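K.L.:
Residue 1192 in the numbering used here sits at position 4 of the sequence shown, with consecutive numbering throughout. Sharing a structure with you now.
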Amino acid sequence: MMVRILVAVVFLSAGSLLAMLVHDGDGYSVTDIRFADGEGRTMSALLYQPDGATAAAPAPAVLAVHGYINSSETQSGYAIELARRGFGVLALDQTGHGYSDPVAFSAGFGGPAGLDYLRSLPWVDRDRIGLEGHSMGGWTVLMAAMANPAGYSAMVLQGSSTGTFGTGEGTADFPRNLLLVFSQFDEFSGFMWGTDKAQDIVSTDKLKKLFATDATVVPGRLYGDLTAGTARQFAMPPVTHPGDHISAEAIGEAVNWFELTLGAPTTVHGQIWFWKEIGTGLALLGLALLVVPVTTMVAGKLRVTVEPGRVTEAPLSATTVVLSLLLPIITFYPLQNLGAAWLPGNSLFPQQITNGILVWALFNGFVSLVVVRLVSGQNPLASIHASGAGRASLAAFVTAAVICLLATLIASVSLIDFRFWVVALKPMSLLQWGIFLCYLLPFTLFFLLLGAGYHGRTGWQGQSVAGASFRDGVVFSAGFVLLLLVQYGSMFTAGSLLINEPLLTIVAIQFVPVMFFVGYVSGCCYRLTGQLWLGATLNGLLITWYMVAGTATHALPFWVS
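Shown next, in the form of structure tokens:
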């Protein structure tokens, strides 16, 4: 037990230290800031300030904005590499994202306010300001450019487009001095550029109009005139839409463009941002590894555990395993779309993406019970009983509190979240804590139903608790691996997704590690206690936290005036 805790602490501490050293590196400092927009809305950002930047010697600066259902830390690769080269960077949380006030999509996504704030800093050279945004972050910086056409000198759009979601149409002179980075396997080419295959956007009329040419746009060629503000360049790295965040080529193209258009304050070679990504990934793994041993210790103190070997498991049920593999992915797209339509963001459940997941989850939980009853003749609800529920739930709350406290303390000192690529966990704001309480009960109900339909009907005889629970995690996540193999197999061979659901397909990437974690924790807790409450409550607490902190808030909660 202590060995597992020690290993987890090593991952957590070493990863956090590595990430902190890279994130707040030599030559610049990082500050977590809040500022008010013109309507009194609180905006959140990470501000990267070069050491030598003063009012007497101002530095060029870049407003960098993440995409939908992300936050400012997603742009850290771009921010770190620009800051290392002497650029100031304001990595903004869009409205309704991260720690910026809701609602999402409002006030130009927060872009105009972000640009105004950046221009107000005395150490920023107002004649050398760049705008960079990924996906919806691209629309955010376009909104900023529309609100203040003379307030910037150059722009980088990563996996984004002009003329989308209320942004201005791209022309020969709007935006000013533009680099467009759109990856070869970007999932959103149809929505953003009107072609099913990302590789084909170079021939679209929309892109030709933007580049002021009648011919196919050639990657790497410089179009227009830098002095006149009509320069254009196009890059197409061989990655996907979310791959732009971990692509040295995509990040390098952006840095090179700002060095060209704004002037390079210092000469720095190479990229180091990926070490921060490795560090936060190790820290996230360390937090995850702490959950089961801490739960075991707390459950033992509260006398929730049973003697080893007392939990009886039936022989492996192929029906249950197949159901666990296929039902979640068959219903993944239709139920989430229906859920978002039936239950849009509202004052009680204000996060539309979370609402779609909630409808999908509860449907799958109830259907699994019906199928088990029909196939086995057993009543799966019989495994849910009140005995020990109170102490088990208390143990789950204590464990979750320990993990949350650790994450909050580390994040407050280091200004990092816990992430690897699109999988990210961050401490919640006060507003998000309230939203978390709204979603906690329905998601805990889902995990209770999930356990009732699975545990006791799927056994792994002869395996250790860890080994059997590991296989539970594989069963829970394997369907999403299959879904992604089909979708991206089509993307990498035919050039487009087999099922045209780009956003939910990217969301499905997170479901692989999240559902593995759910299966492993649920399995360990069931074998530890012989009942479902501990695992269901613990997963309810941790996964609701993960979702609420990591997505967008689309409506004002009922307690906010």
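Ideal Cβ placement from N, Cα and C applies to all residues, glycine included. Just so it is clear, the structure is predicted and the values come from calculations on it, not from any experiment.
1) So, for A1612: in the same chain, excluding its five sequence neighbours on each side, which residues have a beta-carbon less than 6 Å away from its beta-carbon?
2) Starting from T1732, trace the alpha helix (DSSP H) both ways and give me its first and last residue.
3) So, using beta-carbon positions, are L1526 and A1640 closer together than 8 Å?
4) Can you tell me the Cβ-Cβ gap for Y1216 and S1323, rounded? I've got them flagged as a contact below 8 Å.
5) What are the residues that DSSP puts in a beta bridge with L1618?
6) Run through the DSSP bridge pairs and tell me what I1317 is partnered with.
7) Taking the alpha carbon of E1447 as the reference point, which residue from R1316, Y1708, S1294, Q1459 has its own alpha carbon closest?
8) Report the start-end ranges of each alpha helix (DSSP H) in the segment 1384-1465 that is 4 residues or longer and not cut off at the edges.
9) Could you check which residue in I1694, L1251, V1695, S1512 has the C-alpha nearest to that of S1556?
10) Between which two residues does the beta strand (DSSP E) holding A1224 run?
11) What do you reckon, are the CB atoms on G1553 and F1634 nearer than 8 Å?
12) Hey, is the segment 1219-1236 in contact with the segment 1286-1304, meaning 3+ C-beta pairs nearer than 8 Å?
13) How would you label M1189, buried or exposed, when you count the other beta carbons within 10 angstroms and need 16 or more for buried?
14) In angstroms with no decimal places, state the Cα-to-Cα distance between D1239 and A1224.
15) Measuring only the C-alpha atoms, how far is V1674 from L1636?
16) Cβ atoms of H1254 and G1325: under 8 Å apart, would you say?
17) Expressed to the nearest angstrom, what Euclidean distance is found between the alpha-carbon atoms of Q1282 and G1299?
18) Is L1410 near A1419, with beta carbons less than 8 Å apart?
19) Excluding five sequence neighbours on each side, which residues of the same chain lie with their C-beta closer than 8 Å to the C-beta of F1148?
20) Measure the C-alpha to C-alpha separation of A1583 and M1679 and round it to an integer number of angstroms.
21) Can you tell me which residues form a DSSP beta bridge with R1607?
22) DSSP three-state label for P1238, please.
23) Looking at the secondary structure, which residues open and close the alpha helix (DSSP H) in which V1277 lies?
24) When DSSP labels each residue in this structure, what does V1748 get in the three-state scheme?
25) Excluding the 5 residues preceding and the 5 following D1660 in the sequence, name in chain order all residues of the same chain whose CB lies nearer than 7 Å to its CB.
26) If the criterion is Cβ atoms closer than 8 Å, does the pair Q1540 and A1528 meet it?
27) For the 8 Å Cβ check, are there 3 or more pairs between the segment 1395-1403 and the segment 1470-1480?
28) Out of G1723, L1205, T1693, which one is the CA nearest neighbour of Q1524?
29) Among P1516, A1666, A1249, L1603, which residue has its Cα nearest to the Cα of S1154?
30) Excluding the five sequence neighbours on either side, which residues of its own chain have a C-beta within less than 6 Å of the C-beta of V1369, listed in chain order?
31) By how many angstroms is the C-alpha of P1310 removed from the C-alpha of A1247?
32) Going by DSSP, what residue range makes up the alpha helix (DSSP H) through V1344?
33) Looking at the unbroken beta strand (DSSP E) that takes in L1671, where does it start and where does it end?
34) Quick one: is D1374 buried, meaning 16 or more other Cβ sit within 10 Å of its Cβ, or exposed?
35) Does the contact criterion of 3 or more C-beta pairs under 8 Å hold for the segment 1682-1693 versus the segment 1372-1390?
36) Could you give the uninterrupted runs of the alpha helix (DSSP H) lying entirely in the segment 1523-1603, keeping only those of 4 residues or more?
P.N.:
This is what the structure gives:
1) Taking the first residue of the sequence shown as position 1, residue 1612 is located at position 424. Only D1605, G1738 meet the Cβ criterion.
2) Residue numbering aside, residue 1732 sits at position 544 when the sequence shown is read from its first letter. Here the alpha helix (DSSP H) through T1732 covers 1721-1738.
3) Stepping through the sequence shown from its first residue, residue 1526 is reached at position 338. Stepping through the sequence shown from its first residue, residue 1640 is reached at position 452. No, the Cβ-Cβ distance between L1526 and A1640 is not below 8 Å.
4) Working through the sequence shown from its first residue, we reach residue 1216 at position 28. Working through the sequence shown from its first residue, we reach residue 1323 at position 135. Contact flag wrong, Cβ pair sits at about 26 Å.
5) As a position in the sequence shown, residue 1618 is number 430, starting the count at 1. Per DSSP, none; premise fails for L1618.
6) Against the sequence shown, residue 1317 aligns to sequence position 129. For I1317, the pairing in a beta bridge is given by DSSP as A1249.
7) Stepping through the sequence shown from its first residue, residue 1447 is reached at position 259. For the residues R1316, Y1708, S1294, Q1459, the minimum Cα distance to E1447 belongs to R1316.
8) 1393-1399, 1436-1450
9) Position 368 of the sequence shown, counted from the first residue, corresponds to residue 1556. With distances taken between Cα atoms, S1556 lies closest to S1512.
10) Locating residue 1224 in the sequence shown gives position 36, counting from the first residue. Start and end: 1216-1224.
11) Residue 1553 sits at position 365 when you count from the first residue of the sequence shown. Residue 1634 sits at position 446 when you count from the first residue of the sequence shown. Closer than 8 Å, so yes.
12) Judged by Cβ distances under 8 Å, the segment 1219-1236 makes contact with the segment 1286-1304, as three or more pairs qualify.
13) The residue you call residue 1189 lines up with position 1 of the sequence shown. It counts as exposed.
14) Here residue 1239 refers to the residue found at position 51 when the sequence shown is read from its first residue. Here residue 1224 refers to the residue found at position 36 when the sequence shown is read from its first residue. Separation of D1239 and A1224 (C-alpha to C-alpha, rounded to the nearest whole angstrom) is 25 Å.
15) Numbered from its first residue, the sequence shown carries residue 1674 at position 486. Numbered from its first residue, the sequence shown carries residue 1636 at position 448. In a straight line, the C-alpha of V1674 is about 30 Å away from that of L1636.
16) Sequence index remark: in the sequence shown, residue 1325 carries index 137 (1-based). Sequence index remark: in the sequence shown, residue 1254 carries index 66 (1-based). Going by C-beta atoms, G1325 is nearer than 8 Å to H1254.
17) Here residue 1282 refers to the residue found at position 94 when the sequence shown is read from its first residue. Here residue 1299 refers to the residue found at position 111 when the sequence shown is read from its first residue. Going by the C-alpha atoms only, they are around 7 Å apart.
18) Within the sequence shown, residue 1410 is the residue found at index 222, counting from 1. Within the sequence shown, residue 1419 is the residue found at index 231, counting from 1. Yes; because the gap between Cβ atoms is below 8 Å, this pair is in contact.
19) The structure shown has nothing for residue 1148, since the chain only spans 1189 to 1749.
20) Numbered from its first residue, the sequence shown carries residue 1583 at position 395. Numbered from its first residue, the sequence shown carries residue 1679 at position 491. Rounded to whole angstroms, A1583 to M1679 spans 45 Å at the Cα level.
21) Locating residue 1607 in the sequence shown gives position 419, counting from the first residue. In the DSSP output, where bridge partners are listed per residue, R1607 has A1612.
22) As a position in the sequence shown, residue 1238 is number 50, starting the count at 1. In the three-state DSSP reduction, P1238 falls in the strand class (E or B).
23) Looking up residue 1277 in the sequence shown gives position 89. Per DSSP, V1277 belongs to no alpha helix (DSSP H); it is in the beta strand (DSSP E), 1276-1280.
24) What you label residue 1748 is simply residue 560 of the sequence shown in a count that begins at 1. V1748: coil per DSSP, three-state reduction.
25) Taking the first residue of the sequence shown as position 1, residue 1660 is located at position 472. The residues are G1707, Y1708, S1710, G1711.
26) Residue numbering aside, residue 1540 sits at position 352 when the sequence shown is read from its first letter. Residue numbering aside, residue 1528 sits at position 340 when the sequence shown is read from its first letter. For Q1540 and A1528, yes; Cβs fall inside 8 Å.
27) Not touching, per the Cβ criterion.
28) The residue you call residue 1524 lines up with position 336 of the sequence shown. The option with the nearest alpha carbon to Q1524 is T1693.
29) A question about residue 1154 goes unanswered here, because the residues of the chain that appear run from 1189 up to 1749.
30) Residue numbering aside, residue 1369 sits at position 181 when the sequence shown is read from its first letter. Within the same chain, V1369 has close Cβ partners Q1346, A1423, A1438, E1441.
31) Translated into the one-based positions of the sequence shown, residue 1247 becomes position 59. Translated into the one-based positions of the sequence shown, residue 1310 becomes position 122. Their Cα atoms are separated by approximately 10 Å.
32) Along the sequence shown, read from residue 1 onward, the residue named residue 1344 stands at position 156. Where V1344 is concerned, there is no enclosing alpha helix (DSSP H), although the beta strand (DSSP E) it sits in stretches over 1342-1346.
33) One-based indexing of the sequence shown puts residue 1671 at position 483. Not the beta strand (DSSP E): L1671 falls in the alpha helix (DSSP H), residues 1653-1682.
34) The residue labelled residue 1374 in the question sits at position 186 within the sequence shown. Looking at its Cβ environment, which holds 16 or more other Cβ atoms inside 10 Å, D1374 is buried.
35) yes
36) 1540-1564, 1577-1602
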